[in-house]
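Note that the working numbering has the sequence shown beginning at 309, numbered continuously upward.
Reviewing the structure listed below.
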Amino acid sequence: MLIRLLIPAAYVCIIFLFPHCSGAPERKLDETAPAYSPEESQQLFRLEPRLKIELVASEPMIEDPVVAHFDGEGRLWVVEMRGFMPDINGKGEKNPVGRISILTDTNADGKMDYAVVWLDSLVLPRAIAIVPQGALIAEERKLWLTKDLDGDLRADEKIVLDSVYADGPSPEHSANGLMWNIDNWYYNARSKIRYRLRDGKWERDSTEFRGQWGITHDDFGHLMYNYNWSQLHGDLVPPNELSANKNHSPTTGIDHGLTLDRRVYPIRSNPAVNRGYVSGTLDKNGRLLEFTAASAPYCYRSHSMGEEYYGNVFVCEPAGNLVKRNVISTDGVILSAVDPKPGTEFLASTDERFRPVYITGGPDGALYVVDMYRGQVQHGSYVTPYLRDQTLKRKLDQPIHKGRIWRIVSKDRKTQRTIKFSELDDQVLISLLSNDDGWVRDQAQKKLVERNNKNNADALYQVLRTGGQLARFHALWTLEGLQLLSSDTLVKLLKEQDPYISSAALRLLEPVIKNDPSLRKEVSKKIIEIANTSKPLMALQMALSAESIERQEAIQLEEIIAKTYDSSALFRDALMSSLQGWEMDVLHQLWRSVKTEHPGTGRVIFFEMLSAAILQTRNPDQLNRLFNLMAEQNSTNWKVAAVISAVSVQGRNTGMRPVKLDQEPALMKSALVKKDSSFRQAMLRLFEWPGHRVDTGNAKVRNQLSPADQQSFITGRQLYLSSCVACHGMDGNGMNRLGPPLRGSDWVLGDQRRLVMILLHGIEGPIMVNEKKYDVPAILPVMPAHSILDDEAIASVITYIRNEWGNNAGAMGRGMVSKTRHLSQGRVMPWTASELNTYIKQTDTSKIK
309 MLIRLLIPAA
319 YVCIIFLFPH
329 CSGAPERKLD
339 ETAPAYSPEE
349 SQQLFRLEPR
359 LKIELVASEP
369 MIEDPVVAHF
379 DGEGRLWVVE
389 MRGFMPDING
399 KGEKNPVGRI
409 SILTDTNADG
419 KMDYAVVWLD
429 SLVLPRAIAI
439 VPQGALIAEE
449 RKLWLTKDLD
459 GDLRADEKIV
469 LDSVYADGPS
479 PEHSANGLMW
489 NIDNWYYNAR
499 SKIRYRLRDG
509 KWERDSTEFR
519 GQWGITHDDF
529 GHLMYNYNWS
539 QLHGDLVPPN
549 ELSANKNHSP
559 TTGIDHGLTL
569 DRRVYPIRSN
579 PAVNRGYVSG
589 TLDKNGRLLE
599 FTAASAPYCY
609 RSHSMGEEYY
619 GNVFVCEPAG
629 NLVKRNVIST
639 DGVILSAVDP
649 KPGTEFLAST
659 DERFRPVYIT
669 GGPDGALYVV
679 DMYRGQVQHG
689 SYVTPYLRDQ
699 TLKRKLDQPI
709 HKGRIWRIVS
719 KDRKTQRTIK
729 FSELDDQVLI
739 SLLSNDDGWV
749 RDQAQKKLVE
759 RNNKNNADAL
769 YQVLRTGGQL
779 ARFHALWTLE
789 GLQLLSSDTL
799 VKLLKEQDPY
809 ISSAALRLLE
819 PVIKNDPSLR
829 KEVSKKIIEI
839 ANTSKPLMAL
849 QMALSAESIE
859 RQEAIQLEEI
869 IAKTYDSSAL
879 FRDALMSSLQ
889 GWEMDVLHQL
899 WRSVKTEHPG
909 TGRVIFFEML
919 SAAILQTRNP
929 DQLNRLFNLM
939 AEQNSTNWKV
949 AAVISAVSVQ
959 GRNTGMRPVK
969 LDQEPALMKS
979 ALVKKDSSFR
989 QAMLRLFEWP
999 GHRVDTGNAK
1009 VRNQLSPADQ
1019 QSFITGRQLY
1029 LSSCVACHGM
1039 DGNGMNRLGP
1049 PLRGSDWVLG
1059 DQRRLVMILL
1069 HGIEGPIMVN
1079 EKKYDVPAIL
1089 PVMPAHSILD
1099 DEAIASVITY
1109 IRNEWGNNAG
1119 AMGRGMVSKT
1129 RHLSQGRVMP
1139 WTASELNTYI
1149 KQTDTSKIK
């Protein structure tokens, strides 16, 4: 498949599993998988009740399809990766045999009956976006702009739009997606680049890295994507809003795991997965236990299948021959997802060659599934000896060059009428912004922006004033795309009761007020007026936008938002994102205004984050102000302790170049700095002044971590503060009724694999820590899994807790995390302490390849 069949964590031992779907008779693991005709394969599907699946297109009309999108005329554009793994060795993969085909249903019977090749002679094409006069196409490492100049649906012009679109040639690990979002940008998975068509010219911009294969968005533009080992992630903040402060690295907001649920429920055996030989990958019947190739999420925004499906996100699992359904919910500013029917799947097949690799919506409101239909879907670069043997023995390497596209519709409802957007005038397109179908609304907005008719301003403003919520939202972004938004309108929208409208207005005001001092003052005043009464979504955007308003009001705004929301890791990151260059101003304001001696943990963490960012500025003036504040204290209160913690953590980085100060800080002579304290040593390592020089060649760090491990430790501290501190405490001593201690814990200092498995799967029940029993109500009954974190993040957290609070157990490498993931895949329940200890004794990590 186009996603590595490498699974993240899951349990290995046989645990209480939800029953799988009943269906076709169980097949033996060594049985060959015949290539069925489309009609035969159609009979092997199991689909949710009240729905039916219909064939739209198949070979030889299309071959090896990997992506499909409808244009505004109801035609289906299909990306055919016909060069993918011609044989088990991938011989001939670079041959230019790929193509883009356009399919048309000429008699409106629901099945494509006419095909034309838009462009052929392509090497592994993998993404497409339909644009004026043609399409953007991703092929190898380039992004091409292709155009039809004579109206025959064949590309006459092929121009390189971006010669470095992708960072590598592998089809499994190269940029893809080209998904248009409501903010009028085209976004990509496995990429940090986005594109926009503005006044007839293409613009390229950097953005956050997201996902692996496929990307989608919901009604309000939240981006969603996934990784082969984790089925659904998303952004809680708008693109490019959280990473504005180079002195702070956020750990939330982007790449948020919407669900920890990795379980899948195939209805046939699935032995042809990369690590099917690892105990726990498959159940006793040979069926896959968890995602190994999660890909191509799609947010369904139509009503034709039924109201219960609107807003659901569907995820492909080609290795398990199924599609999973997720119901999305919102709690304040947090998105989450849940499988509405655990134990069964939305769509599954007993045909092993059914390989869903992409999902899209159509103009009729149906859900379309792209089926690559082949036996071998793992790219040759990652085929294990086990999978190679399975593939050849069971004849899964042939035949190739097949492929189907399926449509899922309601048995009871009629699909909606297809609209030909090219035939609609602008006024009709504007009316379609109020359509109840998200696909239609998107097409209408996109078409209006592409036509670039500035005379539509009045009609769009009318929708913005009087339309429904979604119509207004689309009208707002259509006006943005046409560059017709007035600052007066945006300022008025700041007081909107709908937080999606008001927060979008503030976001759109950011670039305007940065260059307009008078308007900036007006907006700053209005923001303060509404700050205390704003809903969470607007408060979050205020935190993200604070850098754009006047500094005095911005500092006041930070204080207001911090007072209410500093217990939220997301809000802390959002606040930090707006502080570059004036972190010390905010810390000083909070230092003077916060009088309590026992603040919440969130306030202490925020102080530490501010202090760490001040250290990152390397600005002597800010640093001296910080040290002077500390020196004024007669004892180590929580504010001073937060700064000491930040300095001590940063002081571990021996690769950090010392900051030169004009004179020795008065702090060094205060009672706060003990001669042998780690804080003193960190100060001596991080700063130089007359009479003191740092010997960088012989810098000593207590735990002797390498420079790379020291950076991992620092990253781990930030992740710990985001995810772990509420239960285990700032000092690692644990929290009553929440979590046991980590300081000096034999669980922390012992076998590294145990820690990895606890983070991947969680642990429940009583646990003995240093011969003391911890159980409810002294601690929570279950520590949840953190499997949505990638290998590097988990390694960083473990490196931190093994080397903080007096612990001295060395670093954790991401390779150990990766091996342990694969070793324990298939696990679907938290460990018990005794079970995990027994498993560790019986397992040899070195066997995993």
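Here a beta-carbon is modelled for each residue, glycine too, at the ideal position from N, C-alpha and C.
Note that this is a predicted model, so its numbers are computed, not measured.
Count the other C-beta atoms from every protein chain shown that fall within 10 angstroms of the C-beta of residue 900, then say buried if there are 16 or more, exposed otherwise.
In the sequence shown, counting from the first residue as 1, residue 900 sits at position 592. Exposed, by the Cβ-count rule.
Along the chain, where does the beta strand (DSSP E) that runs through residue 656 open and close?
Here residue 656 refers to the residue found at position 348 when the sequence shown is read from its first residue. Start and end: 655-657.
Can you give the beta carbon distance from residue 536 to residue 600, rounded, assuming they're within the 8 Å contact cut?
Here residue 536 is taken as the residue at index 228 of the sequence shown, counted from 1. Here residue 600 is taken as the residue at index 292 of the sequence shown, counted from 1. Contact flag correct, Cβ pair sits at about 6 Å.
Pull the bridge partners of residue 785 from the DSSP assignment, please.
Working through the sequence shown from its first residue, we reach residue 785 at position 477. Bridge partners of residue 785: none, in fact.
Can you tell me where the beta strand (DSSP E) with residue 494 in it begins and where it stops?
Numbered from its first residue, the sequence shown carries residue 494 at position 186. Per DSSP, residue 494 belongs to the beta strand (DSSP E) from 494-497.
Helix or strand or just coil, what does DSSP make of residue 988?
For this step, residue 988 is matched to residue 680 along the sequence shown. It is helical.
contact_flag[the segment 586-595, the segment 666-674] where n(CB pairs < 8 Å) is 3 or more:
no
Given residue 558, which residues of its chain have a CB within under 6 Å of its CB, disregarding the five upstream and five downstream residues?
By 1-based counting over the sequence shown, the position of residue 558 is 250. Excluding sequence neighbours, residue 558 sits near 550 and 881.
Cα-Cα separation between residue 331 and residue 658, rounded to whole angstroms:
Taking the first residue of the sequence shown as position 1, residue 331 is located at position 23. Taking the first residue of the sequence shown as position 1, residue 658 is located at position 350. Because the pLDDT of residue 331 is 37, which lies under 50, any placement of that residue in the model is unreliable, and the number read from its coordinates should be weighed accordingly. Taking the straight line from one Cα to the other gives about 8 Å.
Start-to-end residues for the beta strand (DSSP E) that takes in residue 673:
One-based indexing of the sequence shown puts residue 673 at position 365. Per DSSP, residue 673 belongs to no beta strand (DSSP E) and is neither H nor E.
Would you please state the rounded distance, in angstroms, between the beta carbons of residue 647 and residue 358? I believe it to be under 8 Å.
Locating residue 647 in the sequence shown gives position 339, where the first residue counts as 1. Locating residue 358 in the sequence shown gives position 50, where the first residue counts as 1. Going by Cβ atoms, the distance from residue 647 to residue 358 rounds to 18 Å, so no, they are not a contact pair.
In the DSSP assignment, find the unbroken alpha helix (DSSP H) run with residue 364 in it and report its ends.
The sequence position of residue 364 within the sequence shown is 56, counting from 1. Residue 364 -> not in any alpha helix (DSSP H); beta strand (DSSP E) instead, spanning 359-366.
Cutting at 7 Å between CB atoms, please list the residues of its own chain near residue 514, excluding the five before and the five after it.
In the sequence shown, residue 514 corresponds to position 206, counting from 1. Within the same chain, residue 514 has close Cβ partners 500 and 501.
In whole angstroms, give me the CA-to-CA distance for residue 836 and residue 426.
Along the sequence shown, read from residue 1 onward, the residue named residue 836 stands at position 528. Along the sequence shown, read from residue 1 onward, the residue named residue 426 stands at position 118. If you take the alpha carbons of residue 836 and residue 426, they lie about 55 Å apart.
Roughly how far, in whole angstroms, is the beta-carbon of residue 817 from the beta-carbon of residue 810, given that I think they are within contact range, below 8 Å?
Indexing the sequence shown from 1 puts residue 817 at position 509. Indexing the sequence shown from 1 puts residue 810 at position 502. So it is not a contact: roughly 11 Å between Cβ atoms.
Sequence ranges, alpha helix (DSSP H) only - wholly within the segment 367-440, length at least 4
none
Exposure of residue 563, with buried meaning 16 or more beta-carbon neighbours within 10 Å:
On the sequence shown, residue 563 is found 255 positions in, with the first residue counted as 1. The residue in question, residue 563, is buried, as its Cβ has 16 or more Cβ neighbours within 10 Å.
Within 8 Å, do at least three Cβ pairs link the segment 1035-1042 to the segment 564-579?
no
Just to confirm before moving on: does the CB-CB distance between residue 565 and residue 577 stay below 8 Å?
Locating residue 565 in the sequence shown gives position 257, counting from the first residue. Locating residue 577 in the sequence shown gives position 269, counting from the first residue. Taking 8 Å as the Cβ cut-off, residue 565 and residue 577 do not qualify as a contacting pair.
Give a yes or no on whether the C-beta atoms belonging to residue 1158 and residue 556 are separated by under 8 Å.
Any question about residue 1158 goes unanswered here, given that the chain covers just 309 to 1157.
Measure the Cβ-Cβ separation of residue 681 and residue 375 and say whether it is below 8 Å.
Position 373 of the sequence shown holds residue 681. Position 67 of the sequence shown holds residue 375. No, they are not a contact pair.
Going by the DSSP bridge assignment, what does residue 635 pair with across the sheet?
As a first step, residue 635 is located in the sequence shown; it is residue number 327 there, counting from the start. In the DSSP output, where bridge partners are listed per residue, residue 635 has 646.
Okay, do the segment 962-978 and the segment 925-936 touch, 3+ Cβ pairs below 8 Å being the bar?
In short, these stretches touch, since the Cβ pair count reaches three.
To the nearest angstrom, how far is it from the Cα of residue 764 to the Cα of residue 615?
Locating residue 764 in the sequence shown gives position 456, counting from the first residue. Locating residue 615 in the sequence shown gives position 307, counting from the first residue. Straight-line Cα distance between these residues: approximately 33 Å.
So the candidates are 1085, 1021 and 1125; which of them puts its Cα closest to the Cα of residue 1066?
Reading the sequence shown from its first residue, position 758 is the one you call residue 1066. Among 1085, 1021 and 1125, the Cα nearest to that of residue 1066 is on 1125.
Hey, quick one: how far does the alpha helix (DSSP H) through residue 884 stretch, first residue to last?
In the sequence shown, residue 884 corresponds to position 576, counting from 1. Element bounds for residue 884: 877-885.
Determine the DSSP secondary structure at residue 888, reduced to helix, strand or coil.
On the sequence shown, position 580 is the one that residue 888 refers to. The DSSP-derived three-state label of residue 888 is coil.
Is residue 746 helix, strand or coil when you go by DSSP?
Stepping through the sequence shown from its first residue, residue 746 is reached at position 438. The answer is helix: DSSP assigns residue 746 an H, G or I state.
For the beta strand (DSSP E) containing residue 454, name the first residue and the last one.
One-based indexing of the sequence shown puts residue 454 at position 146. Run containing residue 454: 450-455, per the beta strand (DSSP E) assignment.
Same chain only: Cβ atoms within 6 Å of residue 1113, ignoring 5 sequence neighbours per side
To locate residue 1113, count along the sequence shown from 1; it is residue 805. These residues qualify, in order along the chain: 1040 and 1051.
Three or more C-beta pairs below 8 Å linking the segment 988-997 and the segment 939-949
no
With a cut-off of 8 Å, do at least 3 Cβ pairs link the segment 469-479 to the segment 446-455?
yes
Could you check which residue in 396, 1089 and 408 has the C-alpha nearest to that of residue 383?
Numbered from 1 along the sequence shown, position 75 holds the residue referred to as residue 383. Looking at the Cα atoms, 408 is the closest of the given residues.
With 16 as the cutoff for other CB atoms within 10 Å, does residue 632 come out buried or exposed?
Locating residue 632 in the sequence shown gives position 324, where the first residue counts as 1. Label assigned to residue 632: buried.
Please go through the same chain and pick out, in chain order, the residues whose beta-carbon is closer than 6 Å to the beta-carbon of residue 798, but skip the five residues on each side of it.
Along the sequence shown, read from residue 1 onward, the residue named residue 798 stands at position 490. Result list for residue 798: 813, 816 and 817, in chain order.
Exposed unless 16 or more other CB atoms sit within 10 angstroms - verdict on residue 526:
Taking the sequence shown and counting its residues from 1, the one referred to as residue 526 is at position 218. The residue is buried, with at least 16 neighbouring Cβ atoms inside 10 Å.
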